[in-house]
Amino acid sequence: MPVEIDIARVARLARIALTDEELEHYGAQLTGILEHASTVQALPTEGVEPTAHPLGLVNGWRDDEPGTTLDRDEVLAAAPDHEDGYFRVPPFLDE
Amino acid sequence: MTDPADLTIADAGARLRAGELSAVDLLDAVRRRASMTEAILHAYLTIDHAGASKAAAEADAALAGGEDRGPLHGIPVALKDNMVTRGVETTASSRILAGWVPPYDATVVQRLRAAGAVIYGKTNLDEFAMGSSTENSAYGTSRNPWDPDRVPGGSSGGSAAAVAVGSAFGALGSDTGGSIRQPAALCGVVGMKPTYGLVSRYGLIAFASSLDQIGPIGRTVEDAAMLFEAITGYDPFDTTSSPGPVPAVRAALDRGIAGLRIGVLSELASEGVEPSVIAAFRDTLDRLGAAGAIIEEVSLPTTRHALSAYYLIAPAECSANLARFDGVRYGPRIDGPNVEQMMAATRRDGFGPEVTRRILLGTYALSAGYYDAFYGQAQRVRTLVVREFAAAYERFDALVTPTSPTTAFPVGARADDPLAMYLSDVCTIPSNLSGDPAISVPVGLDESGLPIGFQVLGPALGDDTVFRVARAVESLVGFEARPALATSEGAA
Numbered sequence: 001m002p003v004e005i006d007i008a009r010v011a012r013l014a015r016i017a018l019t020d021e022e023l024e025h026y027g028a029q030l031t032g033i034l035e036h037a038s039t040v041q042a043l044p045t046e047g048v049e050p051t052a053h054p055l056g057l058v059n060g061w062r063d064d065e066p067g068t069t070l071d072r073d074e075v076l077a078a079a080p081d082h083e084d085g086y087f088r089v090p091p092f093l094d095e
Numbered sequence: 096m097t098d099p100a101d102l103t104i105a106d107a108g109a110r111l112r113a114g115e116l117s118a119v120d121l122l123d124a125v126r127r128r129a130s131m132t133e134a135i136l137h138a139y140l141t142i143d144h145a146g147a148s149k150a151a152a153e154a155d156a157a158l159a160g161g162e163d164r165g166p167l168h169g170i171p172v173a174l175k176d177n178m179v180t181r182g183v184e185t186t187a188s189s190r191i192l193a194g195w196v197p198p199y200d201a202t203v204v205q206r207l208r209a210a211g212a213v214i215y216g217k218t219n220l221d222e223f224a225m226g227s228s229t230e231n232s233a234y235g236t237s238r239n240p241w242d243p244d245r246v247p248g249g250s251s252g253g254s255a256a257a258v259a260v261g262s263a264f265g266a267l268g269s270d271t272g273g274s275i276r277q278p279a280a281l282c283g284v285v286g287m288k289p290t291y292g293l294v295s296r297y298g299l300i301a302f303a304s305s306l307d308q309i310g311p312i313g314r315t316v317e318d319a320a321m322l323f324e325a326i327t328g329y330d331p332f333d334t335t336s337s338p339g340p341v342p343a344v345r346a347a348l349d350r351g352i353a354g355l356r357i358g359v360l361s362e363l364a365s366e367g368v369e370p371s372v373i374a375a376f377r378d379t380l381d382r383l384g385a386a387g388a389i390i391e392e393v394s395l396p397t398t399r400h401a402l403s404a405y406y407l408i409a410p411a412e413c414s415a416n417l418a419r420f421d422g423v424r425y426g427p428r429i430d431g432p433n434v435e436q437m438m439a440a441t442r443r444d445g446f447g448p449e450v451t452r453r454i455l456l457g458t459y460a461l462s463a464g465y466y467d468a469f470y471g472q473a474q475r476v477r478t479l480v481v482r483e484f485a486a487a488y489e490r491f492d493a494l495v496t497p498t499s500p501t502t503a504f505p506v507g508a509r510a511d512d513p514l515a516m517y518l519s520d521v522c523t524i525p526s527n528l529s530g531d532p533a534i535s536v537p538v539g540l541d542e543s544g545l546p547i548g549f550q551v552l553g554p555a556l557g558d559d560t561v562f563r564v565a566r567a568v569e570s571l572v573g574f575e576a577r578p579a580l581a582t583s584e585g586a587a
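Quick mapping for you: the protein sequence lines, in order, are chains A and B.
Under this note's numbering, the first residue of the first sequence carries the number 1, and numbering increases by one thereafter.
Under this note's numbering, the first residue of the second sequence carries the number 96, and numbering increases by one thereafter.
This is how it looks when you write it as structure tokens:
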């Protein structure tokens, strides 16, 4: 199956800043891989349920009991930037 | 006397209990071996000298006080660096986690500590476990102990190489498409992927959550079984953890194989496999047959499509899992005028080419309009693979294939060709899709002196059968070769 990829859009969705040259490079590789992988589309799967857990387990819940959680200061210490107990990031909108 | 670094876990444990060696002696032996081999191998990213020394001293004190925590008590082991360790840097070989010191231990790490094991260090891998050679590590390629111009396999290449040379008695790896078994085969050691759900993934840095499974690497099948028993079992912190009983694998080891029905997966034991690998594989089959196993060929045609399904499912799940690396909570940040540009710049800088490629592939496969054609269809094909295996296990107790179609390849040989690299995993991927257990055992050397692996697959929760057949293979073949790197000190 021929595959067409809007690679710039995909990179934007994935939040990875790539140059035009890199976009072209990855776009070509992805096309090759997807053309190979799209052979799965030839298999008859009508009425076949998808598999997510090989043992068929769904919704594993633990008991709703209070326990210890990670120490906030220790977690924040690993962050690039934090303030007053929060992770700090640049503005969401340009000023 | 044998250098303690060359003892099996079983033998080291016996000497420990006989008072002939201490846990500190075992750690010293591993340190000496690492100091001789690491400049060439680069199996380790981080060695936790202080933590290991403390744990070894505690293990000795506990044993002296009559507290024996079992087979791993006092044994130095290594962890693939995608398992988080409290207080010890964990990067998964990615620049995007450079310098990250986790605030908690993965469940497997807690269990190893509780079992008295001494965690010596964190081993190299392909970035986020994506690769088959360790060449995708941001911190340099590990080398094959049998020929340093070649790769150790991957992604758990550092763990396999360390165990092969004796800079660890055993190690944990993770296996999403063969990442324990393929490097074990290429390094001449035993590597096992348990049934999905038996080992907690809590604290395993996620790659493809429906496929990832932690498992043991050892120099013998028994050593791998000891590690297996220490790390398996239900964990409420992993929603995919199996609450049922765990197969007793050590008890099954020496039950023999007379009368067992073993199927040879014809699709994976023929075309594209190197002649030397086929020869060692067939020779092993002959030995199993002579020992009383019933050997028959079996065809599972859907396995031909397993690689394609895998290369849709794994990147799709990876693109979702790796969204968390965005310069907000951990790792370095590349600043930008707004959040989106900060994240895009951080991710561009932090991810290597293979990880970038898979994130893009997965993002595409999950994006609007393509989800059903790619990810949905691949998950349905997965169901076909599961059904085909289940049908085969009505006729067979175990299935066998070569672990890898080739022995270790030269560094750089496949680095520019993602598809050729992906084919390294053609024999191992089907059991990740099915979720079933599988193990690789060394069965010989090719004409260049490189190890060849034999793979045994079993049904879900048939981990005991897999170990049992592997133990039979090990004793029938008698593979005792060791890499030159591990033995050179004897001459020096």
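Note that CB positions come from ideal geometry on N, CA and C, so glycine has one too.
What are the residues that DSSP puts in a beta bridge with His-137 of chain B? DSSP lists no partner for His-137 of chain B.
With a cut-off of 7 angstroms, does the C-beta of Arg-477 of chain B fall near any C-beta of chain A? yes
Could you spell out where the beta strand (DSSP E) holding Tyr-215 of chain B opens and where it closes? Start and end: 213–218.
Val-423 of chain B (DSSP reduced to helix, strand or coil): coil
Name the one or two DSSP bridge partners that Ser-269 of chain B has. B:Ile-309
When the distance is taken between beta carbons, is Val-344 of chain B closer than 7 angstroms to Val-536 of chain B? Going by C-beta atoms, Val-536 of chain B is not nearer than 7 angstroms to Val-344 of chain B.
So if DSSP puts Ile-534 of chain B in a beta bridge, which residue, or which two residues, is it bridged to? Per DSSP, B:Met-287, B:Val-551.
What number of angstroms, rounded off, separates the C-alpha of Thr-327 of chain B from the C-alpha of Pro-197 of chain B? 22 angstroms
Leu-360 of chain B and Thr-478 of chain B: beta carbons closer than 7 angstroms? no
Just curious, the alpha helix (DSSP H) that Arg-110 of chain B is in, first and last residue? 104–112
So Leu-402 of chain B packs on Tyr-517 of chain B, CB below 8 angstroms; how close in whole Å? 7 angstroms
Starting from the beta carbon of Glu-74 of chain A, find every residue of chain C whose beta carbon is closer than 8 angstroms, and list them in chain order. The structure shown has no chain C; the protein chains it does contain are A and B.
Contact between the stretch 467–484 of chain B and the stretch 524–536 of chain B (3+ Cβ pairs under 8 angstroms): yes
Taking 7 angstroms as the threshold (C-beta atoms), are Val-551 of chain B and Val-572 of chain B in contact? no
Secondary structure, beta strand (DSSP E): runs of 3+ residues fully inside the stretch 337–389 of chain B: 356–360
Residues sharing a beta bridge with Thr-496 of chain B, DSSP: B:Gln-550
Mind pulling the chain B residues with CB within less than 8 angstroms of Tyr-26 of chain A? Thr-451, Arg-452, Leu-455
Is the stretch 234–248 of chain B touching the stretch 498–507 of chain B in the sense that three or more CB pairs, one from each, lie closer than 8 angstroms? Yes, the stretch 498–507 of chain B touches the stretch 234–248 of chain B.
Applying the criterion that 16 or more other CB atoms from any shown protein chain within 10 Å of the CB defines a buried residue, is Arg-238 of chain B buried or exposed? buried
Using a Cβ-Cβ cut-off of less than 7 angstroms, give me the residues of the stretch 470–495 of chain B that come near chain A, in sequence order. Gly-471, Gln-472, Ala-473, Gln-474, Arg-475, Val-476, Arg-477, Thr-478, Leu-479, Val-481
Output the distance between the C-alpha atoms of Leu-93 of chain A and Met-438 of chain B, rounded to the nearest integer angstrom. 14 angstroms
Can you list the residues of chain B that Gly-60 of chain A reaches, using a CB-CB cut of under 7 angstroms? Near Gly-60 of chain A (Cβ distances below 7 angstroms), the residues of chain B are Thr-334, Thr-335, Ser-336.
By Cβ distance, which residues of its chain are closer than 6 angstroms to Ala-440 of chain B, with the 5 residues on each side in sequence left out? Ile-429, Gly-431
Taking a Cβ distance cut-off of 8 angstroms, strictly less, list which residues of the stretch 430–451 of chain B are near chain A, in chain order. Asp-430, Gly-431, Pro-432, Asn-433, Val-434, Glu-435, Gln-436, Met-437, Met-438, Ala-439, Ala-440, Arg-442, Arg-443, Phe-446, Thr-451
Beta-carbon within less than 7 angstroms of Leu-231 of chain B's beta-carbon, same chain only, minus the 5 sequence neighbours each way: which residues are those? First, the amino acid is wrong: residue 231 of chain B is Asn here, not Leu. Once the five neighbours on either side are set aside, the close Cβ partners of Asn-231 of chain B are Asp-221, Glu-222, Met-225, Gly-447, Glu-449.
Taking C-alpha atoms, which residue in B:Thr-398, B:Phe-323, B:Phe-302, B:Leu-299 lies nearest to Gly-310 of chain B? B:Phe-323
Classify Thr-39 of chain A as helix, strand or coil using the three-state DSSP reduction. Collapsing the DSSP output to three states places Thr-39 of chain A in a helix.
What I want to know is whether the C-beta of Tyr-86 of chain A ends up closer than 6 angstroms to one or more non-hydrogen atoms of the ligand SAM. The ligand SAM is not part of the structure shown, which contains no ligands of any sort.
Mind checking the stretch 539–569 of chain B against chain A and listing, in chain order, the residues whose C-beta falls within less than 7 angstroms of any C-beta there? Ala-555
Which residues in chain A have a C-beta closer than 7 angstroms to the C-beta of Thr-458 of chain B? List them in chain order. Val-10, Leu-13, Ala-14, listed in chain order.
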